[in-house]
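In this note's numbering, the protein residues as written are 1 to 220.
This report refers to the structure that appears directly beneath it.
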Amino acid sequence: MKNFVNPREALAVAVLAFRANGNRVVKDTTDKQYANKSYLQSYFFPLKTAHKQLTVEMTPGLLEAADDVKVIIDHAVTMEMLTKGYVPSFLKSIHDLLTEDAMNINYAGIMVWAPKLAQDIQRSQGIKEVSAAYEHTSKFVGKKGDRIEFDFTLIEKRYVRQVDTWSAYGFNEQGNLVQFLSKHEELCATGRIRARIKSHDINRYHNGAHVTVLNFVKAA
């Protein structure tokens with residue numbers, strides 16, 4: 001059992017590493033920062049690690065933060081089972097580590113993603129709540145080919161790697177949902193824009209909401 005550690009403490013150290021690296025998971029140690037998993041290795045096996053200068057101090061606050069992360073992940077697992085009947089593999093892998101009595105330190109590279117996963121879950125839930133406020137009242141804007149100008153409020157943006165493009169989703173002054181793609185991340189922000197109406201979409205990802213799809217989007 002020499003390579004096995006306490007999962008709660010491991011998660012607490014993962015929270016510390018996540019915060020220390022600017023709410024990111026860093027995979028490789030450099031001159032400027034340590035890899036997240038190095039924090040776990042240094043905490044549990046200080047005499048074996050190559051990072052002698054990296055010291056990690058456990059605090060009650062870190063343990064409480066770890067408990068908060070576990071609650072978020074536990075809830076996400078429950079909701080996935082209730083709504084889909086299964087749990088996505090990555091979420092399940094982390095949940096399994098958190099519910100074991102002991103964790104093999106070889107899984108440190110997975111555990112360090114737990115705080116990021118919890119953050120993403122919370123962000124996704126927040127987006128869903130905002131979106132839900134408009135989904136049942138949203139109406140299509142104009143007709144295909146119309147040029148329009150309006151104040152856009154961003155709900156969500158994400159990078160679509162397959163096409164090297166940003167996707168933006170939000171609403172106009174009347175609370176009507178709109179969506180567009182852009183190569184320019186700066187356009188995917190709250191502000192006044194000009195665009196042409198590309199199509200009208202009954203969006204199954206947003207509970208059948210009426211979403212107006214735009215193209216040729218520019219800042220106004």
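Idealized CB from N, CA, C, for every residue including glycine.
Of all C-beta pairs linking the region 160-167 to the region 191-203, fewer than three are shorter than 8 angstroms, placing the two stretches out of contact. Residue 152: member of the beta strand (DSSP E) spanning 147-160, first to last residue.
DSSP places residue 39 within a helical segment (H, G or I) once states are collapsed to three. In the DSSP secondary-structure assignment, residue 171 is bridged to 153 and 177. Contact holds between the region 113-122 and the region 62-74, because three or more Cβ pairs, one in each stretch, are under 8 angstroms apart. Straight-line spacing of the CA atoms in residue 4 and residue 161 works out to 37 angstroms. Around the beta-carbon of residue 124, fewer than 16 other beta-carbon atoms lie within 10 Å, marking it exposed. The C-beta separation of residue 179 from residue 213 comes to about 5 angstroms, placing the pair in contact by the 8 angstroms criterion. If you check the CB distance, residue 14 and residue 103 do not come in under 8 angstroms. For the pair residue 132 and residue 58, the CB atoms are not nearer than the 8 angstroms cut-off.
Per DSSP, residue 10 lies in no beta strand (DSSP E) segment; the continuous alpha helix (DSSP H) that holds it begins and ends at 7-20. Here DSSP, grouped into helix, strand and coil, assigns residue 58 to coil.
By the neighbour-count criterion, in which 16 or more other beta carbons inside 10 Å mark a residue as buried, residue 22 falls on the exposed side. Take the alpha-carbon of residue 86 and the one of residue 80: they are about 6 angstroms apart. Sixteen is the threshold: when 16 or more other Cβ atoms of the shown chains lie within 10 Å of the Cβ of residue 138, as they do, the residue is buried.
Distance check between residue 134 and each of 195, 170, 93 and 188 places 170 closest, using alpha-carbon atoms only.
Residue 17 and residue 185 have their C-alpha atoms spaced approximately 28 angstroms apart.
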